[in-house]
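Going down the list, the sequences are from chains Y and W.
If you read the first sequence in my numbering, its first letter stands for residue 1, the second for the next number, and so on.
If you read the second sequence in my numbering, its first letter stands for residue 1001, the second for the next number, and so on.
Yeah, the Cβ is synthetic: ideal placement off N, Cα and C, and Gly gets one too.
2 protein chains.
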Amino acid sequence: MKKDAQVKLIETATLLFAQKGFNAVSIRELARTANVNSALISYYFGGKEGLYQEVLEEQFILIAQMLKRLEESPPSSPTEAIITYANNISAIHDQRPYLTRFILSELMNPTPCCEAVVKKYISCIFGFLHTTFEEGVAKGEFKADLDHDFATVSLAGIMNFFFIAKPIFQGFTSSSEKTGEEYTVQALDTFLNGILRRKDHE
Amino acid sequence: MKKDAQVKLIETATLLFAQKGFNAVSIRELARTANVNSALISYYFGGKEGLYQEVLEEQFILIAQMLKRLEESPPSSPTEAIITYANNISAIHDQRPYLTRFILSELMNPTPCCEAVVKKYISCIFGFLHTTFEEGVAKGEFKADLDHDFATVSLAGIMNFFFIAKPIFQGFTSSSEKTGEEYTVQALDTFLNGILRRKDHE
DNA sequence: ATTTTTTAATCAATCGATTAATTAAAAATC
DNA sequence: GATTTTTAATTAATCGATTGATTAAAAAAT
């Protein structure tokens, strides 16, 4: 039953840090919730910030795996690359439901861990999307006047805002909740084809 | 020179609360930055939270004005309504550059002011967009299979994520910064028409 | 003279971190 | 195999610093 505290602390910290943010969680609350002495946070992780960094890194391992996969077996086309990216992000949000909160929290109020952990992965994703749009326009798959920077931010916004807004909007929308995958499918379809009724389909 | 402290405090608080969030700003930092005694925060606003609420309400007056305008002179068509909404949001972000941060901060870690101020306006916007998409589909302007809830969240995401992500992504994108209006135009065009090259235009 | 504004000082509460002391487990010695 | 020594894990107590708020007195404005 020993060393159980270490695991328990990470589990508890993941939840509390995600819900309240780094500063709003005290080591006493962490310790109390985890049924552990508060001194163990310094003992095992070198302090509150060390514990937070360990939690943060764990949140990003699926992102790292996705980037590695995309590099080792590149999608066959830009359109395919976008679809693959979207599906991956959707699946990751399923397995790491708090990832968005950690990222947003870091982007709004960066802790010292932001540079080393968060920005590293985000810049990789940004680079991948940017290259994809470049190729897509060059190959004639995408509209010629599509701005790469714009498209990158736009797609990232579409793919992530839903998971940000989910807990908020579900209080307004009367219908049953949409799953992340349902949203992804529709969001991708809109991004690729727009929402206007096509005249040529009439 | 009297009551100068009150104005100075609101100005300073707007900046500091936007940059650091409610909890991360102490009344001492507020007072020091505003060149004012910290007791004046309680004297004028009843405490730190009272000051914050006053700042928050000021951030939303342009939203309130937009909603009032939309109600008094409704756009001529659903498509027109979406364009009007997008342009309004873009203009508001220009005049209230910290609005997004306040909203996001409240949505992630709600203060007691959230219910009374933030959620009220957000639910109004949500209702407006939802109705617009309903009408757009009914009138045949939008694709028949367009889900109203999805479209609402998606458009809100497109319109707001750029202003969230701007300070982050501008570190990655090499090109000169895009303005909010440039983004809005492209984002709307994509939302309405998609990014894929249209076969019927060849 | 009265009211309003501002100040410095202080309040209890809480923060993250550290300490010395205690307990349990593992390793080493006999 | 039993005993001793060493290492690791955990505890309660406490550290100085900072938090938001309050007070009574001083200053300024009316």
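- Taking a C-beta distance under 8 Å as the contact criterion, asparagine 1160(W) and threonine 1084(W) do not qualify as a contact pair.
- Note on geometry: alpha-carbon atoms of alanine 39(Y) and leucine 9(Y) lie some 12 Å from one another.
- Counting only runs that start and end inside the stretch 37-110 of chain Y, the alpha helix (DSSP H) elements of at least 4 residues fall at 39-45, 48-59, 61-72, 78-95 and 99-108.
- Contacts with chain W (Cβ-Cβ distance below 7 Å) from the stretch 124-154 of chain Y involve Phe126, Gly140, Glu141, Phe142, Lys143, Leu146, Asp147, Asp149, Phe150, Ala151, Val153 and Ser154, listed in chain order.
- DSSP places phenylalanine 1172(W) in the coil class of the three-state scheme, outside both helix and strand.
- Between alanine 1156(W) and valine 153(Y), the gap from beta carbon to beta carbon reaches 8 Å or more.
- When only Cα atoms are considered, glutamine 65(Y) and threonine 1014(W) end up about 40 Å apart.
- In this structure, threonine 1111(W) lies near tyrosine 1052(W), with their beta-carbon atoms less than 8 Å apart.
- Contact holds between the stretch 126-137 of chain Y and the stretch 71-86 of chain Y, because three or more Cβ pairs, one in each stretch, are under 8 Å apart.
- Taking each of Ala151(Y), Lys68(Y), Gly136(Y) and Asp94(Y) in turn and checking the Cα distance to tyrosine 121(Y), the smallest one comes out for Lys68(Y).
- The Cβ of alanine 187(Y) sits closer than 8 Å to at least one Cβ of chain W.
- When C-beta distances to chain W are compared with 8 Å, every residue of the stretch 57-74 of chain Y stays at or above that value.
- Any Cβ of chain Y closer than 8 Å to the Cβ of isoleucine 1083(W) would place that residue at the interface, and such an atom is absent.
- Distance from the Cα of asparagine 1023(W) is smallest, within the candidate group Phe1150(W), Lys1048(W) and Gly1140(W), for Lys1048(W).
- Within chain W, Val1153, Ser1154 and Gly1157 have C-beta atoms less than 8 Å from the C-beta of phenylalanine 162(Y), given in sequence order.
- Between the beta-carbon of phenylalanine 142(Y) and that of glutamine 1186(W) there is about 13 Å, and that puts the pair past the 8 Å contact cut.
- From the beta-carbon of asparagine 1023(W), the residues of chain Y found nearer than 7 Å are Asn23 and Ala24.
- Within the model, the alpha-carbon separation for glutamate 1106(W) versus phenylalanine 1017(W) is close to 11 Å.
- Here phenylalanine 102(Y) is near leucine 56(Y), since their CB atoms are less than 8 Å apart.
- A straight line joining the alpha-carbon of leucine 1188(W) with that of aspartate 145(Y) spans about 14 Å.
- Judged by DSSP in its simplified three-state form, aspartate 147(Y) adopts coil rather than helix or strand.
- Contact with chain Y is absent for threonine 1179(W), since none of that chain's Cβ atoms lies less than 8 Å from the residue's Cβ.
- The three-state reading of DSSP puts proline 1167(W) in helix, counting H, G and I together.
- Annotation: Cβ neighbours of asparagine 109(Y) in chain W (cutoff 9 Å, chain order): Gln1019, Lys1020, Gly1021, Ala1024 and Ser1105.
- Neighbours of tyrosine 1043(W) across chain Y, judged by C-beta separation under 7 Å, do not exist; the nearest C-beta is about 27 Å away.
- Excluding the 5 residues flanking it on each side, asparagine 88(Y) has same chain C-beta neighbours closer than 6 Å at Met66, in chain order.
- For threonine 1033(W), the uninterrupted alpha helix (DSSP H) segment begins and ends at 1027-1034.
- Between glutamine 1006(W) and tyrosine 1044(W), the C-beta gap is smaller than 8 Å, which places the two residues in contact.
- Boundaries of the alpha helix (DSSP H) harbouring alanine 1018(W): 1004-1020, taken from the DSSP string.
- Rounded to the nearest angstrom, the gap between the Cα atoms of arginine 32(Y) and isoleucine 41(Y) is 12 Å.
- In the three-state scheme derived from DSSP, where H, G and I count as helix and E and B as strand, lysine 1178(W) is classed as coil.
- The three-state reading of DSSP puts alanine 116(Y) in helix, counting H, G and I together.
- For alanine 24(Y), the three-state secondary structure derived from DSSP is coil.
- When the five nearest sequence neighbours on each side are left out, the beta carbons in the same chain lying within less than 7 Å of the beta carbon of leucine 62(Y) are those of Ile92, Gln95 and Arg96, in order along the chain.
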